[in-house]
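Here the structure comes first, spelled out in structure tokens, and everything after it is commentary.
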Amino acid sequence: MQVIKVPGINGLGRTGGCRDAGNAIINKLDETYTSERGKPIDRKLLDLEEIHVNNNNLEEQDKLIYENALEEFERQDKIIFLGGDHSVSYSIARAFLEHCNKNEKGKEPCLIVFDAHPDCMPAMREPTHEEWLRAIVEKGFPARNVLLVGARNSYFEELRFLSEKRIKQISINEINNNIEEVTDFIMEFASGKSLYVSLDIDVIDPAFAPATNHLEPAGLTSRQMIYVMQRIAMMKNLKAVDIVEIDIEKDKKHGSMTTKLGARILAEMI
Numbered sequence: 268m269q270v271i272k273v274p275g276i277n278g279l280g281r282t283g284g285c286r287d288a289g290n291a292i293i294n295k296l297d298e299t300y301t302s303e304r305g306k307p308i309d310r311k312l313l314d315l316e317e318i319h320v321n322n323n324n325l326e327e328q329d330k331l332i333y334e335n336a337l338e339e340f341e342r343q344d345k346i347i348f349l350g351g352d353h354s355v356s357y358s359i360a361r362a363f364l365e366h367c368n369k370n371e372k373g374k375e376p377c378l379i380v381f382d383a384h385p386d387c388m389p390a391m392r393e394p395t396h397e398e399w400l401r402a403i404v405e406k407g408f409p410a411r412n413v414l415l416v417g418a419r420n421s422y423f424e425e426l427r428f429l430s431e432k433r434i435k436q437i438s439i440n441e442i443n444n445n446i447e448e449v450t451d452f453i454m455e456f457a458s459g460k461s462l463y464v465s466l467d468i469d470v471i472d473p474a475f476a477p478a479t480n481h482l483e484p485a486g487l488t489s490r491q492m493i494y495v496m497q498r499i500a501m502m503k504n505l506k507a508v509d510i511v512e513i514d515i516e517k518d519k520k521h522g523s524m525t526t527k528l529g530a531r532i533l534a535e536m537i
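Residues in the sequence shown are numbered from 268 upward in steps of one, following the working numbering.
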């Protein structure tokens, strides 16, 4: 299993603590001895890589993430990316889109995003963590194959864009009402496509994941998130996952609980 650390940040000066979350998650993986299914977890068995970027040069940062991700998509069946903030998903998704268009004959790309926010504000030249999803759709990712799960605080402009592009959403209430049925729908939505899952840790309620930069109450429980990801991990068409927006500096006040949760989710995916 390949795991790639992506210490990219472009969060308008608010996400510096996310930069080295990948290393922190891997370190916490050493405290996770097995997955919940009993599979032994040993970091020595992982193919660990890092995309080395200069956060002060956003154009170069995006280019390096895109080029390295594209190269690895050509070589690997499944990759887990550890951010960084959510801006890294733009460059990874752009590489994923190009790879699918070239190589995944008969399979369209599919993007499932777990996030408390739509990240669909009008994009800057190098999209930040607040615009990346809109930017990748405008870059050509098919909106009909995008599913947004757990968004619960949106700007009006984001709602307008989601409606205009007919991007499907699943609410927290729908998950609470019947998580099995909702997960069935997620898997059916992705069936027959090449799947990329992007997980912003703020989709989870701050009671379980307090160390992130835009806290939104009334999110998923950690148990719900792990259940959904466990089922997604079984899908043979799953090509990429990213876990982003864990702020390890903020997490020092919380006993590294959010980082540990990131490691637990990773353990269930490998």
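Every residue gets a Cβ at the ideal spot worked out from N, C-alpha and C, and that includes glycine.
The structure presented is a predicted model; accordingly, all values stated were derived computationally and were not measured.
Report buried or exposed for residue i, applying the criterion of at least 16 other Cβ atoms within 10 angstroms of its Cβ.
{"i": "residue 353", "result": "buried"}
{"i": "residue 279", "result": "exposed"}
{"i": "residue 384", "result": "buried"}
{"i": "residue 376", "result": "buried"}
{"i": "residue 412", "result": "buried"}
{"i": "residue 372", "result": "exposed"}
{"i": "residue 297", "result": "exposed"}
{"i": "residue 272", "result": "buried"}
{"i": "residue 366", "result": "buried"}
{"i": "residue 451", "result": "exposed"}
{"i": "residue 460", "result": "buried"}
{"i": "residue 314", "result": "exposed"}
{"i": "residue 288", "result": "buried"}
{"i": "residue 480", "result": "buried"}
{"i": "residue 356", "result": "buried"}
{"i": "residue 529", "result": "buried"}
{"i": "residue 474", "result": "exposed"}
{"i": "residue 421", "result": "buried"}
{"i": "residue 325", "result": "buried"}
Over the uninterrupted alpha helix (DSSP H) stretch that includes residue i, give me the two end residues.
{"i": "residue 508", "result": "It is not in any alpha helix (DSSP H) - residue 508 instead sits in the beta strand (DSSP E) that spans 505-511."}
{"i": "residue 456", "result": "446-457"}
{"i": "residue 296", "result": "288-296"}
{"i": "residue 334", "result": "325-342"}
{"i": "residue 316", "result": "Not the alpha helix (DSSP H): residue 316 falls in the beta strand (DSSP E), residues 314-317."}
{"i": "residue 537", "result": "Unbroken run through residue 537: none, as it is neither H nor E."}
{"i": "residue 517", "result": "515-518"}
{"i": "residue 404", "result": "399-405"}
{"i": "residue 369", "result": "355-370"}
{"i": "residue 501", "result": "Segment: none, residue 501 is in no alpha helix (DSSP H) and carries neither H nor E."}
Can you pull the DSSP bridge partners for residue i?
{"i": "residue 279", "result": "Residue 279 pairs with nothing; no bridge assigned."}
{"i": "residue 285", "result": "The partner list for residue 285 (beta bridge, DSSP) is empty, contrary to what the question assumes."}
{"i": "residue 376", "result": "461"}
{"i": "residue 466", "result": "381, 510"}
{"i": "residue 307", "result": "301"}
What residue range does the beta strand (DSSP E) around residue i cover?
{"i": "residue 348", "result": "346-350"}
{"i": "residue 416", "result": "413-416"}
So what's residue i in DSSP terms, helix, strand or just coil?
{"i": "residue 301", "result": "strand"}
{"i": "residue 273", "result": "strand"}
{"i": "residue 435", "result": "strand"}
{"i": "residue 472", "result": "coil"}
{"i": "residue 483", "result": "coil"}
{"i": "residue 381", "result": "strand"}
{"i": "residue 530", "result": "helix"}
{"i": "residue 395", "result": "coil"}
{"i": "residue 443", "result": "helix"}
{"i": "residue 495", "result": "helix"}
{"i": "residue 408", "result": "coil"}
{"i": "residue 427", "result": "helix"}
{"i": "residue 524", "result": "helix"}
{"i": "residue 421", "result": "coil"}
Kindly give me the distance between the Cβ atoms of residue i and residue j, rounded to whole angstroms, as I take these residues to be in contact under 8 Å.
{"i": "residue 524", "j": "residue 484", "result": "Contact flag wrong, Cβ pair sits at about 17 Å."}
{"i": "residue 512", "j": "residue 468", "result": "5 Å"}
{"i": "residue 536", "j": "residue 495", "result": "About 11 Å; that fails the 8 Å criterion."}
{"i": "residue 346", "j": "residue 275", "result": "The pair is not a contact, with the Cβ atoms about 15 Å apart (cut-off 8 Å)."}
{"i": "residue 396", "j": "residue 321", "result": "The Cβ separation is near 18 Å, so there is no contact."}
{"i": "residue 423", "j": "residue 364", "result": "Not confirmed; about 28 Å, so no contact."}
{"i": "residue 487", "j": "residue 470", "result": "6 Å"}
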